[in-house]
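Comments concern the structure below.
Number of protein chains: 4
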Amino acid sequence: MTTKFAGIIPPLCTPFHADFTVDTSSLRRHIGMQLDAGVHGLFALGSSSEVAFLPDAQRRAVLETTVATAAGRVPVLAGCIDMTTLRVAEHVRTAEALGADAVVVTAPFYTRTHVAEVERHFRLLHEMTALPVFAYDIPVAVHTKLDPAMVLRLAEDGVLAGLKDSSGDEAGFRRIVLAKRERGLDSFAVFTGSELVVDAALAMGADGAVPGLGNVDPAGYVALYEYALAGNFEAARREQERLFQLYDITTAAPPERMGRGSAGLGAFKAAMKMRGFIDDAVLAPPQLPLDAGELGLIERKLAEAGLI
Amino acid sequence: MTTKFAGIIPPLCTPFHADFTVDTSSLRRHIGMQLDAGVHGLFALGSSSEVAFLPDAQRRAVLETTVATAAGRVPVLAGCIDMTTLRVAEHVRTAEALGADAVVVTAPFYTRTHVAEVERHFRLLHEMTALPVFAYDIPVAVHTKLDPAMVLRLAEDGVLAGLKDSSGDEAGFRRIVLAKRERGLDSFAVFTGSELVVDAALAMGADGAVPGLGNVDPAGYVALYEYALAGNFEAARREQERLFQLYDITTAAPPERMGRGSAGLGAFKAAMKMRGFIDDAVLAPPQLPLDAGELGLIERKLAEAGLI
Amino acid sequence: MTTKFAGIIPPLCTPFHADFTVDTSSLRRHIGMQLDAGVHGLFALGSSSEVAFLPDAQRRAVLETTVATAAGRVPVLAGCIDMTTLRVAEHVRTAEALGADAVVVTAPFYTRTHVAEVERHFRLLHEMTALPVFAYDIPVAVHTKLDPAMVLRLAEDGVLAGLKDSSGDEAGFRRIVLAKRERGLDSFAVFTGSELVVDAALAMGADGAVPGLGNVDPAGYVALYEYALAGNFEAARREQERLFQLYDITTAAPPERMGRGSAGLGAFKAAMKMRGFIDDAVLAPPQLPLDAGELGLIERKLAEAGLI
Amino acid sequence: MTTKFAGIIPPLCTPFHADFTVDTSSLRRHIGMQLDAGVHGLFALGSSSEVAFLPDAQRRAVLETTVATAAGRVPVLAGCIDMTTLRVAEHVRTAEALGADAVVVTAPFYTRTHVAEVERHFRLLHEMTALPVFAYDIPVAVHTKLDPAMVLRLAEDGVLAGLKDSSGDEAGFRRIVLAKRERGLDSFAVFTGSELVVDAALAMGADGAVPGLGNVDPAGYVALYEYALAGNFEAARREQERLFQLYDITTAAPPERMGRGSAGLGAFKAAMKMRGFIDDAVLAPPQLPLDAGELGLIERKLAEAGLI
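Protein sequence lines correspond, in order, to chains F, R, B and P.
Taking UniProt numbering, the leading residue of the first sequence gets 1, the next gets one more, and so forth.
Taking UniProt numbering, the leading residue of the second sequence gets 1, the next gets one more, and so forth.
Taking UniProt numbering, the leading residue of the third sequence gets 1, the next gets one more, and so forth.
Taking UniProt numbering, the leading residue of the fourth sequence gets 1, the next gets one more, and so forth.
In structure tokens:
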């Protein structure tokens, strides 16, 4: 009666060579570290992967490497991030060809859309693929919040296999979780992307989490999940609080200097490099690099946390 | 001392077959109608083209057909609409290969960006191409307003060849126009995308306009431009007011029923079909089609305007 | 070492006569019901009181009645809701004169403000009053989110005695709670206004909650709080889930028909009337009244919940 | 067949003493300067007056002084700026008592409202006063854009006597102006608050403008209006361009340092002091004062413009 997809599914960051091609060797090492830590799935080509910065060839390299390295031990979810249905459909076909276990799709963006059109978008994509389709609710990127009633309708109709909720709306998330339980939607997998309140989401009944910070400390999130699964929410809370402190690395670069995207992803990749997961922390353009002072702050934070 | 790019440059709508491949025959006919009306350039793959809905192969078909049909009589600007630098760069290379005369680029989207990163984006793209680069200011789509000081800095440095301003901020637009004049940036071409106040923009000193409604009534906008060029702003105003009334076709479908994107583009394409410019008014998914009542309203409007 | 302010502090709704003067008899009865249910404080003139709709004379009537009815048994917090410092200051003086135990103040609104000005606003108001000052973080009303670093700075400087966080940003709320603990800000009282995730907020370490729905079911929120205080978060969760279902009354009136303010407050007041707390459910203008069908839905919900 | 209200109606800034009471002597002198320059009306207690910062007693002082100084030579419009109907109603009664010629009212704010409630707001206020009611469209302050169809409905029903449009949506403004002409709403007065495109608004058919910058250079706006009235739009454009340059004073203080409200009003008041219109440039709290460098920039701009 459990969902196939559950637990900690990190949205993998993408290590690059200096020319912005994927450093597949580092990516394999990074995935190995995640699997060793006990993660329950891998989310390739999510927002943390810099999917918005990756040309299609690089997206393919990421997904191929991820599927090959997972080697069936855990499911691989593939982000199919593009503006509207026909463009997303091409990414879905690639995900099928490369062996992903599920696809993850946002609301349309760039265009001024409407809930009826968002619903049609998911229905059309479900019709064209046998893969499970996850809805990805990320208004900070696509500027549309998924309507909870629509998500539930699509879950009941078997269109959606799951939800990754990165909207930051914890009450709206809880509405989905409660409705799932009431309506017996056992196979509908509900994941939070709110990496700073995972303990609360699990206590509410979420199936798992997709934490960007898991790239840096996968063992922490796995421990948090196992505590929650065992009903030890006090230990889960303490683990989340520890991870909350660690998250401060994402504000090493101040908002006056660069976007919150590059500050956060730059910090994750710098920390991954410092921990030996990847060789280089380069970000795709036009993102700006962290400077020496910012990197120093991150290094201190990691040392304090006992991670280096 | 005038810019190479000036006048009315319609952002071409893209006619489709039922399977959403480009109806190149209709597109050629439509372009012919635009050229016959005297337009001064063609903007392929702008927002009105449903560029956000077109897979790359269809984008290529549109641009190939546009360049071939223009046959050098007027310049062709190619929209290179994608999320960030490396993805845009691939569209720029395609535009070069297919013979476009300029490329048109927005701020990064999907990612949370920063003015320093937006500026880096334009600089990197300029470095990689010999084509003139136009900045496309369209916050309704990309959710970032271009900073006027940055636009002017890039114009002075020769990074930007022009601006298409669809921000709706007429005071900000005027700031650019006035600074262009003061600083002697003669070759920097400033176009408004605010199709309902083109007379005002031309009076302020704009080089031209990129009106979506020009797909339906190119002769109207050409007349408006010529009146303004001749200093007859009273006639320009009357022409704009006539076109303003015609623009009501874009609200035939109410906001409760569909997105403002599909209501507007659906109306343009329906009107283009009624005028015989294209064979079919189909919209790419997940946009919703207009219904019979809405099409009837549009037909009446066109008849009242003497356009059918 | 505990804060003076803790527990469940409902933001009291304001019962009106038909002429929109305060029905003080109903208000006394309503407050009596709250006190009988065991609430730990009363928040008069918060957003749920229709404070934005109350002329100053009616605000005074509300606060006088609340202070008199509380009679020192629980502290009374008084909302001092106005656009900027000098106008708020007048409400603060009234609150002092009428015997409130604390004042609750938002960021400036109507004006385009800045974090340095928001900080100055709180500092100036603290300087002029001996009453404890609570910051009220409610961006949905004032369109400015309070900066967590500023809130903490003001807490450390003794400017702020507490925070009522109705921002819906649970991660930001947790940042405050954790910093309070780390920095030993024991007397700084941190309340959530997110009435649907109170169990999670208390688990994180919040001092209490200010739930609008507490007007309808104060005993539920008091039970929830006591479960949490006893460390029984499983029971707290079940109670919160029950209250979550009850909250559906706030969507009886659909968004097409009226504002989310009047739909929510109209539902609260209708339920309060059905439970016998107040005589009439009238809303201040220009809010629209619920219709018979909507009231029927609310009645069914209350009956299902065993509240009538 | 013309409206009673037409021409340049400056939204008067409010000079203060050091204790933030109204410096009525300076206000009289300032109004005298405006009248000498030929303005066609006075808007007291608009946003530029710091109405959001003024306690009711100071609002009364402003309005009394304005009505007395105008002495019937030009009409006085009184801003009645508050959150909702009953609070606005009290300001309307004061305006009546003090002899204002019209009242100016925004959409409700602080509360989450709805177009049906906004419409009810204006209708209720119109019912309670014999004074002409102007709608004040200022989404930057109240976070609701007035619906053009609603504005026109209220104009046709005689509820609204006019509109002051500070929304920055010039196409929406033009829709109102054109509909006014088509429907013969001759007595409905349409004013733009977009002080940088007044020439364009007058060319479109606006009845006048309410320019904040008119506090600094009333003669400029009066000249602009007279050129437009005479059909000399070329001269109007040149005058507007001159005023556009002068408007740069509002960015002397950068956005990192203070809110755009205080930067703009601080600049206006500093310039008014430099021109001898008022004695002191103090701003009400919590706004921050301009520093010496910023004041120097403003002084240079005024000198360049020949205004000091």
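Ideal placement from N, C-alpha and C gives every residue a C-beta, glycine not left out.
In this text, all values refer to a predicted model and were calculated from it rather than measured experimentally.
Please classify residue i as buried or exposed, where buried requires at least 16 neighbouring CB atoms within 10 angstroms.
{"i": "aspartate 207 of chain F", "result": "buried"}
{"i": "glutamate 182 of chain P", "result": "exposed"}
{"i": "threonine 21 of chain R", "result": "exposed"}
{"i": "arginine 59 of chain B", "result": "buried"}
{"i": "glutamate 127 of chain B", "result": "exposed"}
{"i": "glutamine 245 of chain P", "result": "exposed"}
{"i": "alanine 89 of chain P", "result": "buried"}
{"i": "arginine 175 of chain P", "result": "buried"}
{"i": "aspartate 291 of chain R", "result": "exposed"}
{"i": "aspartate 137 of chain B", "result": "buried"}
{"i": "serine 47 of chain R", "result": "buried"}
May I ask you to report which of helix, strand or coil DSSP gives residue i?
{"i": "proline 11 of chain P", "result": "strand"}
{"i": "alanine 18 of chain F", "result": "coil"}
{"i": "threonine 84 of chain R", "result": "coil"}
{"i": "leucine 307 of chain P", "result": "coil"}
{"i": "phenylalanine 43 of chain F", "result": "strand"}
{"i": "phenylalanine 188 of chain P", "result": "coil"}
{"i": "glycine 193 of chain P", "result": "coil"}
{"i": "leucine 77 of chain F", "result": "strand"}
{"i": "alanine 209 of chain F", "result": "strand"}
{"i": "residue 310 of chain R", "result": "Since the first and last residues shown for chain R are 1 and 308, residue 310 of chain R lies out of range."}
{"i": "leucine 288 of chain R", "result": "coil"}
{"i": "valine 282 of chain B", "result": "coil"}
{"i": "lysine 301 of chain R", "result": "helix"}
{"i": "arginine 257 of chain F", "result": "coil"}
{"i": "phenylalanine 5 of chain P", "result": "coil"}
{"i": "proline 55 of chain P", "result": "coil"}
{"i": "aspartate 248 of chain B", "result": "helix"}
{"i": "residue 370 of chain B", "result": "Residue 370 of chain B falls outside the range modelled here, since chain B spans only 1 to 308, and no answer is possible."}
{"i": "residue 309 of chain F", "result": "Past the boundaries of the shown model lies residue 309 of chain F; chain F is included only from 1 to 308, so the question cannot be answered."}
At least one CB of chain D closer than 9 Å to the CB of residue i: is that the case?
{"i": "serine 194 of chain F", "result": "In summary, chain D is missing from the structure at hand, where the protein chains are F, R, B and P."}
So with CB distances below 7 Å, who are the chain F contacts of residue i?
{"i": "leucine 244 of chain B", "result": "Note that residue 244 of chain B is phenylalanine in the sequence shown, not leucine. Residues of chain F passing the Cβ test: Arg174, Leu178."}
Give the residues of chain B in contact with residue i, contact being defined as C-beta atoms less than 8 Å apart.
{"i": "alanine 203 of chain F", "result": "Asp199, Ala200, Ala203, Phe233, Arg237"}
{"i": "methionine 258 of chain P", "result": "His114, Ala116, Glu117"}
Identify the contact partners of residue i in chain R, using a Cβ-Cβ distance below 7 Å as the criterion.
{"i": "glutamine 287 of chain F", "result": "Glu117"}
{"i": "alanine 52 of chain F", "result": "Met83, Thr84, Tyr110, Thr111"}
Residue i touches chain R at which residues, Cβ-Cβ below 8 Å?
{"i": "glycine 261 of chain F", "result": "Thr111, Arg112, Thr113"}
Using a Cβ cut-off of 7 Å, pull out every chain B residue sitting near residue i, in sequence order please.
{"i": "valine 140 of chain P", "result": "Arg112"}
{"i": "histidine 143 of chain P", "result": "His143"}
{"i": "glutamate 96 of chain P", "result": "The premise fails here: glutamate 96 of chain P is roughly 16 Å from chain B at the closest Cβ pair, so nothing lies under 7 Å."}
{"i": "glutamate 90 of chain P", "result": "Pro55"}
Could you work out which residues of chain P lie near residue i, taking near to mean beta carbons separated by less than 8 Å?
{"i": "methionine 128 of chain B", "result": "Those do not exist, as methionine 128 of chain B stays about 11 Å from chain P at its closest Cβ, beyond 8 Å."}
Residues of chain F with CB closer than 8 Å to the CB of residue i, please, in chain order.
{"i": "proline 254 of chain R", "result": "Those do not exist, as proline 254 of chain R stays about 11 Å from chain F at its closest Cβ, beyond 8 Å."}
{"i": "histidine 121 of chain R", "result": "Pro285, Pro286"}
Residue i touches chain B at which residues, Cβ-Cβ below 9 Å?
{"i": "arginine 87 of chain P", "result": "Ala52, Phe53, Leu54, Pro55, Asp56"}
By the criterion of Cβ-Cβ separation under 9 Å, what are the contact partners of residue i in chain P?
{"i": "leucine 124 of chain B", "result": "Pro285, Pro286"}
Practice problem: Run through the segment 91 to 178 of chain P for me and flag every whole alpha helix (DSSP H) of 4 or more residues, listed as ranges in chain order. | Solution: Taking only runs of at least 4 residues, the alpha helix (DSSP H) segments lying wholly in the segment 91 to 178 of chain P are 115 to 128, 139 to 142, 148 to 156.
Quiz item: Got a sec: which bits of the segment 152 to 177 of chain R sit with their beta carbon under 8 Å from any beta carbon on chain P, in order along the chain?
Solution: Identification of residues in the segment 152 to 177 of chain R having a C-beta nearer than 8 Å to some C-beta of chain P yields Gly168, Asp169, Glu170, Ala171, Arg174, Arg175, given in sequence order.
Practice problem: Report the residues of the segment 225 to 242 of chain B with a CB closer than 7 Å to any CB of chain F, ordered along the chain. | Solution: Near chain F, meaning a CB-to-CB distance below 7 Å, the residues of the segment 225 to 242 of chain B are Phe233, Arg237, Glu241.
Quiz item: Going along the chain, which residues of the segment 14 to 33 of chain R sit with their C-beta nearer than 7 Å to a C-beta in chain F?
Solution: Answer in chain order: Phe20.
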